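To start, the structure itself, in structure tokens.
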Amino acid sequence: MNKEKKTTQYEFTEEEPALVEEPFLALETLNLDPSKRYTYADYLTWWDDKRRELINGFIHLMSAPNELHARLSQTINWFLLFFVRQRKGKCRIYHAPFDVRLPKNDEKDDDKIYNVVQPDLCVICDLSKIDKRGCVGAPDLIVEVLSPSTLKKDWNEKFNLYEEAGVREYWIVDPKAKIVHIFLLQPDGKYDTGTIYKCSQKAPVHIFEGLEIDLKELFEE
């Protein structure tokens, strides 16, 4: 029976403000059909310079981040990496482009995987999930920094995908509003309603006890 996908409580209208400017991308590489579902096996054959994600088998082209997007991602990465190294932890932190395969029903063969994403940041503590091509299985933490080209995808398709895959903690960073939304996976396999942390606050990284990220420092110009 097909599981009905939910939409978060955040609705989008034509008045939704743009966050940062990015170029529009058209799907015109390798004569790929945007209406066709592809697998990770197909994905591995696309040897060009385009960055793509597969969500439920459908192609999503990606653009290079602008300066603000890159700076926020880099700063969060620094906080996470410093904390892990200081405590000699075994978790690994990766930033995009880094392929994360999210198989369903433990179908880990390349031709059975329909979800391949490149989160802005991810933390993986189960090192058995890491192989030479990236990660297969749910990271413990995923961070996505919003931009106009990824706004609805991060809030909807990826929200549902990460929830279903079992990502324990999902951060959505809003550069325009200077806030961070944090969603935590509950025992029933669903995310909670989320907590908003403003620029004047410190956001706790729940997978790492004792780590808080000062959002004033994160969003400072």
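Numbering (the numbering used here), first residue to last: 4 to 224. Idealized CB from N, CA, C, for every residue including glycine. Since the model is a prediction, treat every value here as computed from it, not as a measurement.
The C-beta of PHE82 has 16 or more other C-beta atoms within 10 Å across all chains shown, which makes the residue buried.
In the DSSP annotation of this structure, the continuous segment of the alpha helix (DSSP H) that includes ALA73 starts and ends at 70–89. Here the alpha carbon of LYS155 sits roughly 31 Å from the alpha carbon of LEU130. Per the C-alpha coordinates, the member of VAL146, ASN159, PHE61 and ARG55 positioned closest to ASP36 is PHE61. Counting C-beta pairs closer than 8 Å gives three or more between the segment 109–126 and the segment 136–151, which meets the contact rule.
Among the bridge pairs identified by DSSP, TRP174 is matched with VAL146 and ILE185. With respect to the 8 Å criterion, GLU166 and LYS132 are not classified as neighbours on the basis of their beta carbons.
Spatial neighbours of ALA99 in its own chain (CB-CB distance under 7 Å, excluding positions within 5 residues in sequence) are listed in chain order as GLN121, PRO122 and ASP123.
When GLU212, GLN204, HIS209 and ILE210 are compared, the shortest CA-CA separation from LYS219 is found for GLN204. Non-local beta-carbon contacts of ILE216 in its own chain, meaning distances under 6 Å to residues more than five positions away in sequence, involve PHE82 and ALA206 in chain order.
At a Cβ-Cβ threshold of 8 Å, GLU160 and ILE58 count as neighbours.
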